[in-house]
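Residue numbers (mature numbering (1 follows the signal peptide of the UniProt record, and there is no 0)): -23 to -1, 1 to 702.
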């Protein structure tokens, strides 16, 4: 769980790094009063980037020590971005005793004078696990992964599907785990692949997601028309090698399997420099579309953000067309640094999946992998998919191709029965995608939960109301019936790109994506800019947070709460009325954050822990480093008769030992501590606790659960089914 506080709080908790300080939380950067082009980043040559990465690696040990990481942890520099004013943003991956840490990535921010101003961490603080010797063998883990797979049917694991030992740190308590790959029947065909992460001790599933981050169920004919493409002369002939775009090569996969698209691959070559016929009868036609689309995507990132290719190192990724048989999919695979495009199937008239927005979508998955590396499951998976939809759409606008004009429809040239795959202006119109945030967003297929961010981006760019774009009707409806104008698609894209590359991490949620984009808008246009205000309006319009006050008029718009987590839609309690005789609002947490104010994203339905009742509960502390948290509810009317009391269910799990209270959870009423629980109260399951409220009969009170953790071992406090009556 990533913690993000204001600069004042970050500086107060800062740790010394040589002559500078690294804050353990995100800083609020000083906002410029003028717009900064290129999302605020300098262009970097491959040599300059390589040297910047070397410098970051030399600093890694000092950075890890300053952030309180343990001696078993190592940081490896993954990316460096430099602002136009010289400020620097260094992205690190983390390992623990040589094992990769899933959810261990972080970004450290430096000002132009080299002073570290803050950091964004996918997992806050040090990583600690009991040991790195698994109880399960790799073979046992593979078998467990096959049993738990849910994205493919008849899952199996073979020699090519290895199980790798990792530390899984998505959540407050890291665990030793295996990351396994299984193969089975799925949306990508009979050889669909899925990653499954299982506990290395029990074999219990921790996470699972599709390996191919693609546009499932899409197809496209030869839609770009007659275009110019970059080729390379080789002797007396030509090949589809694009030397001006990092040496990108488009291969004919010759129906190689998805797991190995280069197995039968051949280079496209001709004695003349004329390619394709515009018909699927020519194998070159799909290659022309792919080559054109990838070049336009490269040019878009270069022009808009000074980015040179997927990894910003000037190197092009190979692309394969005619992959597998009857494959209604296209995907980017970071393990081979390559892109694959299928030929479609009878469902879309056997139209190759090589459309302009598909190429932009897939190459953008590579950019996401090279930057925030958003986990491809839960809310972060929806953000991952949305990022590709957003930039695939921007590529369409950038290319300005008369055969495929820019619009906010995804796959409108794909020859699909409904005429398109997704719509960003009104995602829910397809019957599956989400237009508004709700508490179950993290459990929805990532191709559909992406609708929330797609909808946000459309509203931020275009605003509300009906209009025609690219010859197609669009209607910017909102979830809160608000109306407002947009900031323009170029500015909206700059905000999203800066947020993705500078502030987002692998575990970013919709709530923290809002925080990241507001910070990016402040960086680019100013903290009191209309752009930042309208970004907040667009998030509120999709039910994520509330709008900031209008800086232009100073009108008293509703202020955001301490927590930026949106209140999900109510869900029925498993026991009927969730609060019979309860003065509290949403005491069971089954309505998500409704009624509560939290300093961090404590209210959750994560399956890493169990609720006492229903599926939602409050998970407090468990960082294993110095930390504080607060969960509260105000204006509670304590009954004026009888013997009023507070009851709740508490489960305490700890890495501490003995009876000394190192980590505590206090129950405060109107600022007075009425009860204290600690690591010494560890229990195997939930235990009901009762606190006498007779002194507050007939009064309106504020209830607060206040957690404090010391700098060493972790303690988790789980709270559920809270009642006052």
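For glycine and all other residues, C-beta sits at the position ideal for the given N, C-alpha and C.
Keep in mind the model is a prediction, meaning the values are calculated, not measured.
Considering only the alpha carbon of each residue, which of 320, 312, 296, 314 lies closest to residue 302?
The sequence position of residue 302 within the chain shown is 325, counting from 1. Residue 320 is the option with its Cα nearest to residue 302.
Taking just the CA atoms, how far does residue 33 sit from residue 70?
Reading the chain shown from its first residue, position 93 is the one you call residue 70. Reading the chain shown from its first residue, position 56 is the one you call residue 33. Residue 70 and residue 33: Cα-Cα distance of roughly 12 Å.
Within its chain, find whatever has a CB closer than 7 Å to the CB of residue 376; leave out the 5 residues flanking it on each side and keep chain order.
Numbered from 1 along the chain shown, position 399 holds the residue referred to as residue 376. If we look at residue 376 and ignore the five residues flanking it on each side, its Cβ neighbours are 273, 333.
Residue 148 to residue 17 span [Cα, whole Å]
What you label residue 148 is simply residue 171 of the chain shown in a count that begins at 1. What you label residue 17 is simply residue 40 of the chain shown in a count that begins at 1. Rounded to whole angstroms, residue 148 to residue 17 spans 32 Å at the Cα level.
Between residue 308 and residue 263, which are expected to be in contact by the criterion C-beta below 8 Å, what is the C-beta distance as a whole number of angstroms?
Working through the chain shown from its first residue, we reach residue 308 at position 331. Working through the chain shown from its first residue, we reach residue 263 at position 286. Wrong, their Cβ atoms sit about 15 Å apart, outside the cutoff.
When the distance is taken between beta carbons, is residue 626 closer than 9 Å to residue 696?
By one-based count along the chain shown, residue 696 stands at place 719. By one-based count along the chain shown, residue 626 stands at place 649. Yes, they are a contact pair.
Would a C-beta distance cut-off of 9 Å place residue 415 and residue 425 closer than the cut-off?
Within the chain shown, numbered from 1, the residue matching residue 415 stands at position 438. Within the chain shown, numbered from 1, the residue matching residue 425 stands at position 448. Cβ distance not < 9 Å, so residue 415 and residue 425 don't count as in contact.
Checking 9 Å against the spacing of the C-beta atoms, do residue 140 and residue 155 come in under that value?
What you label residue 140 is simply residue 163 of the chain shown in a count that begins at 1. What you label residue 155 is simply residue 178 of the chain shown in a count that begins at 1. Yes, these two residues count as a Cβ contact at 9 Å.
So, is residue 747 buried or exposed, given that buried needs 16 or more other C-beta atoms within 10 angstroms?
The requested residue 747 is not part of the displayed model; the chain covers only -23 to 702.
Closest to residue 684 by CA distance: which of 664, 597, 615, 674 is it?
Your numbering for residue 684 matches position 707 in the chain shown. Measuring from the Cα of residue 684, the nearest candidate turns out to be 597.
To test your reading of the DSSP string, which unbroken beta strand (DSSP E) runs of 3 or more residues are found completely within the stretch 96 to 174?
130 to 133, 140 to 145, 152 to 163
Would you identify the three-state DSSP class for residue 329, choosing helix, strand or coil?
If you number the chain shown from 1, residue 329 lands on position 352. In the structure shown, residue 329 sits in coil (DSSP, three-state: anything other than H, G, I, E or B).
By Cβ distance, which residues of its chain are closer than 6 Å to residue 7, with the 5 residues on each side in sequence left out?
For the purposes of this step, residue 7 is identified with residue 30 of the chain shown, where counting begins at 1. Low per-residue confidence applies at residue 7: pLDDT is 36, beneath 50, and the placement is therefore not dependable, though the value from the model is reported in the following sentence. Answer for residue 7: no residue qualifies.
Helix, strand or coil: how does DSSP classify residue 597 here?
Along the chain shown, read from residue 1 onward, the residue named residue 597 stands at position 620. It is a strand residue.
For residue 247: DSSP bridge partner residues:
Position 270 of the chain shown, counted from the first residue, corresponds to residue 247. 215.
Is the beta carbon of residue 624 closer than 9 Å to that of residue 665?
Residue numbering aside, residue 665 sits at position 688 when the chain shown is read from its first letter. Residue numbering aside, residue 624 sits at position 647 when the chain shown is read from its first letter. Cβ distance < 9 Å, so residue 665 and residue 624 count as in contact.
Chain-order list of residues whose beta-carbon lies under 8 Å from that of residue 442 (same chain, five-residue window excluded)
Taking the chain shown and counting its residues from 1, one reaches residue 442 at position 465. Excluding residues within five positions, the ones whose Cβ falls inside 8 Å are 452, 453, 460.
Per DSSP, which residues does residue 456 bridge with? Please list them.
Reading the chain shown from its first residue, position 479 is the one you call residue 456. Residue 456 is not bridged to any residue.
Under 7 Å Cβ to Cβ from residue 659, same chain only, skipping five residues before and after it: list those, please.
For the purposes of this step, residue 659 is identified with residue 682 of the chain shown, where counting begins at 1. Excluding sequence neighbours, residue 659 sits near 629, 630, 631.
Sequence-distant residues of its chain with Cβ nearer than 6 Å to residue 51 (five each side left out)
Against the chain shown, residue 51 aligns to sequence position 74. Contacts found: 72.
Given a cut-off of 9 Å on the beta-carbon distance, is the pair residue 107 and residue 153 in contact?
The residue given as residue 107 occupies position 130 in the chain shown. The residue given as residue 153 occupies position 176 in the chain shown. It is a contact, given that the beta carbons lie within the stated cut-off.
If residue 707 and residue 161 are in contact, beta carbons under 8 Å, what's the gap, nearest whole angstrom?
No statement about residue 707 is possible, as the shown extent of the chain runs from -23 to 702 and does not include it.
Whose C-beta lies closer than 8 Å to the C-beta of residue 220 among residues of the same chain, with five residues either side of it excluded?
Taking the chain shown and counting its residues from 1, the one referred to as residue 220 is at position 243. The residues are 207, 209.
Uninterrupted beta strand (DSSP E) stretches inside the stretch 268 to 321 (no shorter than 3 residues)
296 to 300, 307 to 310, 315 to 319
Taking DSSP as the reference, what is the three-state secondary structure of residue 404?
Counting from one through the chain shown, the residue named residue 404 turns up at place 427. Three-state DSSP puts residue 404 in a helix.
How would you label residue 198, buried or exposed, when you count the other beta carbons within 10 angstroms and need 16 or more for buried?
Mapped onto the chain shown, residue 198 falls at position 221. Note that residue 198 has pLDDT 29, beneath the 50 cutoff, so the model's placement of it is unreliable and the number below is only indicative. Burial call: buried.
DSSP three-state assignment for residue 684, whether helix, strand or coil:
Position 707 of the chain shown, counted from the first residue, corresponds to residue 684. Residue 684 falls in the strand class under three-state DSSP.
Residues in its own chain within less than 7 Å of residue 475 by CB, not counting five upstream and five downstream?
In the chain shown, residue 475 corresponds to position 498, counting from 1. Cβ neighbours of residue 475 beyond the five flanking positions: 16, 17, 497, 500, 501.
Where the beta strand (DSSP E) through residue 323 begins and ends
As a working mapping, residue 323 is identified with position 346 in the chain shown. Bounds of any beta strand (DSSP E) do not take in residue 323, whose DSSP letter is neither H nor E.
Reduced DSSP secondary structure (H/G/I, E/B, other) of residue 89
One-based indexing of the chain shown puts residue 89 at position 112. When secondary structure is reduced to three states using DSSP, residue 89 falls in the coil class, being assigned neither helix nor strand.
Residue 590 to residue 580 span [Cα, whole Å]
On the chain shown, position 613 is the one that residue 590 refers to. On the chain shown, position 603 is the one that residue 580 refers to. Cα-Cα distance, rounded: 14 Å.
Just the Cα atoms here: how many angstroms apart are residue 702 and residue 670?
Position 725 of the chain shown, counted from the start, is the residue given in the question as residue 702. Position 693 of the chain shown, counted from the start, is the residue given in the question as residue 670. Approximately 9 Å between the Cα atoms of the pair.
According to DSSP, is residue 566 helix, strand or coil?
The sequence position of residue 566 within the chain shown is 589, counting from 1. Here DSSP, grouped into helix, strand and coil, assigns residue 566 to coil.
State yes or no: is the C-beta of residue 305 within less than 9 Å of the C-beta of residue 235?
Position 328 of the chain shown, counting from 1, holds the residue named residue 305. Position 258 of the chain shown, counting from 1, holds the residue named residue 235. It is not a contact, given that the beta carbons lie outside the stated cut-off.
Using alpha carbons as the reference points, say which of 398, 86, 183, 275 lies closest to residue 587.
The count along the chain shown starts at 1 and reaches residue 587 at position 610. The shortest Cα separation from residue 587 among 398, 86, 183, 275 belongs to 183.
Collapsed DSSP secondary structure at residue 701 in the structure displayed
For the purposes of this step, residue 701 is identified with residue 724 of the chain shown, where counting begins at 1. Note: residue 701 maps to strand in three-state DSSP.
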